[in-house]
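Working notes, structure below.
Number of protein chains: 2
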Amino acid sequence: MISKAEIKRIRALSAKKQREEAGLFVVEGEKMVAEALASSLEVVSVYRTSDIGEEAMRQISSLSSPSPALAVVRIPEAPSESEIDSIIASRPLALALDSVRDPGNLGTIIRIADWFGIDAVFASEDTVELYNPKTVQATMGAIFRKEIIYCNLPSVLERFTAAGMPVYGTFLDGEDIYGVELQQSGLVVMGSESFGIGAECASRVTHRLLIPPYPRGSVTSESLNVAVATAITCALFRRG
Amino acid sequence: MISKAEIKRIRALSAKKQREEAGLFVVEGEKMVAEALASSLEVVSVYRTSDIGEEAMRQISSLSSPSPALAVVRIPEAPSESEIDSIIASRPLALALDSVRDPGNLGTIIRIADWFGIDAVFASEDTVELYNPKTVQATMGAIFRKEIIYCNLPSVLERFTAAGMPVYGTFLDGEDIYGVELQQSGLVVMGSESFGIGAECASRVTHRLLIPPYPRGSVTSESLNVAVATAITCALFRRG
Chain B
30 MISKAEIKRI RALSAKKQRE EAGLFVVEGE KMVAEALASS LEVVSVYRTS
80 DIGEEAMRQI SSLSSPSPAL AVVRIPEAPS ESEIDSIIAS RPLALALDSV
130 RDPGNLGTII RIADWFGIDA VFASEDTVEL YNPKTVQATM GAIFRKEIIY
180 CNLPSVLERF TAAGMPVYGT FLDGEDIYGV ELQQSGLVVM GSESFGIGAE
230 CASRVTHRLL IPPYPRGSVT SESLNVAVAT AITCALFRRG
Chain S
30 MISKAEIKRI RALSAKKQRE EAGLFVVEGE KMVAEALASS LEVVSVYRTS
80 DIGEEAMRQI SSLSSPSPAL AVVRIPEAPS ESEIDSIIAS RPLALALDSV
130 RDPGNLGTII RIADWFGIDA VFASEDTVEL YNPKTVQATM GAIFRKEIIY
180 CNLPSVLERF TAAGMPVYGT FLDGEDIYGV ELQQSGLVVM GSESFGIGAE
230 CASRVTHRLL IPPYPRGSVT SESLNVAVAT AITCALFRRG
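Chains B and S are the protein sequences, given in the same order.
For the first sequence, our numbering begins at 30 and goes up steadily by one.
For the second sequence, our numbering begins at 30 and goes up steadily by one.
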């Protein structure tokens with residue numbers, strides 16, 4: 030059973046403001062719920078169609094075809110400055126997202142980071158919110174395995190450089206990525222869907238890369254989607 | 030000016046059945062409309078907010094934020110069997126999509142094919158329809174530059190093999206793609222979001238590839254999204 034008040038509280042979590050006030054977010058799907066339960070995050074409550082009925086599940090779900098399970102999960106605390114320091118000190122291969130605005134792209138990028146063993150994902154403060162239902166679902170569970178750190182991004186770029194690590198970014202005038210020896214410690218900056226890497230971050234990139242079109246130098250009117258560009262870049266870093 | 034009947038006719042094109050009956054589809058956005066006009070396709074009519082007003086544009090648009098321009102375009106004729114023969118005889122590097130179901134994925138894959146100079150894209154009959162508005166918009170104009178051929182996919186795989194070209198596919202038990210010498214003539218089969226490459230096509234793949242997770246052999250619960258896997262595969266084929 031589920032009360033009307035409870036249905037209302039869960040539905041409210043589809044809005045960012047309500048998620049932030051309650052410190053809670055929603056995951057849907059048997060697999061996602063199982064991964065939430067197996068993760069270090071606190072699962073506040075789990076609802077199954079077999080317990081609450083299809084009508085109630087339709088009311089609390091944000092999917093067009095509701096799944097049989099939904100969980101409410103507590104948003105974890107953001108890492109402290111000293112935790113960020115330790116991450117950088119561990120000399121990771123990390124991603125930095127500069128103003129990525131599409132929830133599906135952010136979720137897909139987190140899934141890619143998980144597949145390619147990227148140790149951390151930094152995001153500018155104006156990157157789309159992590160706990161948006163579309164982002165959560167697009168991660169396919171990777172949200173429970175990756176730490177996403179919202180931060181002052183230009184300062185993180187500087188800290189990587191100060192620690193002697195390269196800061197990579199993709200630009201239309203960059204060097205052909207296939208020919209560059211890519212280090213396994215460093216930061217890879219990906220830009221927004223519309224504007225690429227912003228000026229503040231661009232000036233702090235130490236290694237400018239290009240994913241060239243084929244044939245080389247052919248003029249295509251459009252760049253690659255940011256999640257697609259992230260996937261190709263990560264695959265080339267991890268080609269081993 | 031635009032009549033009520035015209036508004037109704039354009040709105041109807043958001044449904045597959047109506048598109049097929051009318052032989053027309055819709056593109057939206059200044060850039061998309063400009064590319065349609067510059068392409069070999071027949072543009073039946075163009076509507077601009079500056080001519081018809083914001084209210085009418087809202088009514089004919091399928092976007093949540095309507096753009097200033099929309100065009101109605103005639104669906105081109107499907108290629109004949111002999112045209113398919115000529116495409117295969119040209120020894121192309123081509124993609125084959127087996128039951129891709131998500132419109133956004135299909136559009137993104139066409140955009141990727143355009144970037145990487147993939148000469149043709151074959152699709153199984155049960156692949157999502159090309160002229161779905163979400164697919165059209167996700168191509169970012171690449172739909173005007175690429176030929177997408179719906180066909181009996183297993184027979185196309187056989188025709189590539191008969192012509193002496195390799196048929197590649199990605200599988201969890203495939204060979205590490207980074208170590209394989211990838212031919213520049215051949216067919217690359219990508220599977221559906223949920224089930225990968227179906228049995229009928231799988232048995233006709235001659236070269237089984239794997240995009241390995243990092244670290245190699247690590248167990249991740251989820252595969253890569255099909256558009257992401259396509260991007261990585263195409264990038265590796267075209268690394269030159």
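The beta-carbon is built from N, C-alpha and C at its ideal position, and this holds for glycine as well.
Note that this is a predicted model, so its numbers are computed, not measured.
(message) Which residue marks the beginning of the beta strand (DSSP E) containing Met219 of chain S, and which one marks its end?
(response) 215-219 is the span of the beta strand (DSSP E), which, as asked, contains Met219 of chain S.
(message) Here's the rule: buried if 16 or more other CB atoms are within 10 angstroms of the residue's CB, otherwise exposed. What is Met169 of chain B?
(response) Residue environment: Met169 of chain B is assigned as buried (16 or more neighbouring CB atoms within 10 Å of its CB, all protein chains considered).
(request) With 8 Å as the threshold, decide whether the Cβ of Leu253 of chain B is near any Cβ in chain S. (result) At a cut-off of 8 Å, the C-beta of Leu253 of chain B has a neighbouring C-beta in chain S.
(request) Pick out whichever of S:Ala118, S:Ile139, S:Ser111 has its Cα sitting closest to the Cα of Leu124 of chain S. (result) Measuring from the Cα of Leu124 of chain S, the nearest candidate turns out to be S:Ile139.
(message) Below 8 Å on C-beta distance, what does Ala264 of chain B contact in chain S?
(response) Within 8 Å Cβ-Cβ: Ile240, Ile261, Ala264, Leu265.
(message) According to DSSP, is Phe266 of chain S part of a helix, a strand, or is it coil?
(response) If DSSP states are grouped into helix, strand and coil, Phe266 of chain S belongs with the helices.
(request) Could you tell me the boundaries of the alpha helix (DSSP H) in which Val185 of chain B lies? (result) Looking at the DSSP string, the run of the alpha helix (DSSP H) that includes Val185 of chain B is 182-191.
(request) Report the neighbours of Ser247 of chain S on chain B: residues whose CB is nearer than 8 Å to its CB, in chain order. (result) In chain order: Gly146.
(request) Would you mind telling me which residues of chain B sit closer than 9 Å to Ala41 of chain S, beta carbon to beta carbon, in chain order? (result) Going along chain B, no residue has its Cβ under 9 Å from Ala41 of chain S, so there is no contact; the nearest lies around 22 Å.
(message) Can you tell me whether Leu70 of chain B is helix, strand or coil according to DSSP?
(response) Looking at Leu70 of chain B - three-state DSSP - the assignment turns out to be coil, as it is neither helix nor strand.
(message) Whether or not the region 72-88 of chain S and the region 180-190 of chain S are in contact is what I'm after, with contact meaning three or more pairs of Cβ atoms, one per stretch, closer than 8 Å; do they touch?
(response) Contact between the region 180-190 of chain S and the region 72-88 of chain S is absent: fewer than three C-beta pairs spanning the two stretches fall below 8 Å.
(message) Helix, strand or coil for Ile172 of chain S? Go by DSSP, reduced to three states.
(response) Secondary structure of Ile172 of chain S (DSSP, three-state): helix.
(message) Please state the DSSP three-state secondary structure of Ala258 of chain S.
(response) Helix, per DSSP.
(request) Leaving out five residues on either side along the sequence, give the residues of the same chain with a beta carbon under 7 Å from the beta carbon of Ala85 of chain S. (result) Excluding five sequence positions before and after Ala85 of chain S, the CB atoms of its chain that fall closer than 7 Å to its own CB belong to Ile31, Ile36, given in chain order.
(request) Residues of the region 179-197 of chain B with a CB closer than 7 Å to any CB of chain S: list them in chain order, please. (result) Residues: none.
(message) What I want to know is whether the C-beta of Gln166 of chain B ends up closer than 7 Å to one or more non-hydrogen atoms of the ligand HEM.
(response) Among the components of this structure there are no ligands whatsoever, and the ligand HEM is therefore not found.
(message) Would Met194 of chain B and Arg267 of chain B qualify as a contact pair, given that the criterion is a beta-carbon distance under 8 Å?
(response) At least 8 Å separates the beta-carbon of Met194 of chain B from that of Arg267 of chain B.
(request) Locate the beta strand (DSSP E) running through Thr199 of chain B, then write down its first and last residues. (result) Counted as a single uninterrupted DSSP element, the beta strand (DSSP E) harbouring Thr199 of chain B occupies residues 196-205.
(request) Drop a sphere of 10 angstroms on the beta-carbon of Ala98 of chain B, count the other beta-carbons inside from all chains shown, and report buried for 16 or more, exposed for fewer. (result) By the beta-carbon neighbour count (other beta carbons within 10 angstroms, threshold 16), Ala98 of chain B is buried.
(request) Taking the CB atoms as reference points, tell me whether Leu186 of chain S and Ile147 of chain S lie closer together than 8 Å. (result) No, these two residues do not count as a Cβ contact at 8 Å.
(message) Can you tell me whether Arg77 of chain S is helix, strand or coil according to DSSP?
(response) Secondary structure of Arg77 of chain S (DSSP, three-state): strand.
(message) 8 Å is my cut-off, CB to CB: does Ile141 of chain B come that close to chain S?
(response) So, interface residue.
(request) Grab me the residues of Lys163 of chain S's own chain with a C-beta within less than 6 Å of its C-beta, minus the 5 sequence neighbours each way, in chain order. (result) Excluding its 5 nearest sequence neighbours in each direction, Lys163 of chain S has C-beta neighbours in its own chain below 6 Å: Pro132, Gly133, listed in chain order.
(request) Hey, could you find the ends of the alpha helix (DSSP H) Glu110 of chain B is sitting in? (result) Start and end: 110-118.
(request) Answer with buried or exposed for Glu64 of chain B, where buried requires no fewer than 16 other C-beta atoms within 10 angstroms of its C-beta. (result) Under this definition Glu64 of chain B is a buried residue.
(request) Within its chain, find whatever has a CB closer than 8 Å to the CB of Leu265 of chain B; leave out the 5 residues flanking it on each side and keep chain order. (result) Excluding sequence neighbours, Leu265 of chain B sits near Ile206, Tyr207, Leu211.
(request) Pull up the CB-CB distance for Phe173 of chain B and Leu70 of chain B, whole angstroms please, since I reckon it's below 8 Å. (result) Their Cβ separation, rounded to whole angstroms, is 6 Å, which keeps Phe173 of chain B and Leu70 of chain B in contact under 8 Å.
(message) Using beta carbons (cut-off 8 Å, strictly below), is Arg48 of chain B in contact with chain S?
(response) Arg48 of chain B does not count as touching chain S.
(request) Return the Cβ separation of Ser153 of chain B and Asp127 of chain B in integer angstroms, given the expectation that the two are a contact with Cβ distance under 8 Å. (result) Sure, about 5 Å apart at Cβ, within 8 Å.
(request) Determine the direct distance from the alpha carbon of Thr137 of chain B to that of Val55 of chain B, and round the result to whole angstroms. (result) One C-alpha to the other measures close to 18 Å.
(message) DSSP has Ala228 of chain B in a bridge; who is on the other side?
(response) DSSP links Ala228 of chain B through a beta bridge to no other residue.
(message) Using the three-state DSSP reduction, which class does Ala98 of chain S fall into: helix, strand or coil?
(response) The answer is strand: DSSP assigns Ala98 of chain S an E or B state.
(request) Starting from Glu57 of chain B, trace the beta strand (DSSP E) both ways and give me its first and last residue. (result) Bounds of the beta strand (DSSP E) holding Glu57 of chain B are 53-57.
(message) If distances are taken between C-alpha atoms only, which option among S:Ala260, S:Ala100, S:Leu53 comes closest to Leu42 of chain S?
(response) Minimum Cα distance to Leu42 of chain S is reached at S:Leu53.
(request) Output yes if chain B places a C-beta closer than 8 Å to the C-beta of Gly220 of chain S; else output no. (result) Not one chain B Cβ lies under 8 Å of Gly220 of chain S.
(message) By DSSP's criteria, Ser91 of chain B is part of a beta bridge. Which residues make up the other side?
(response) Per DSSP, none; premise fails for Ser91 of chain B.
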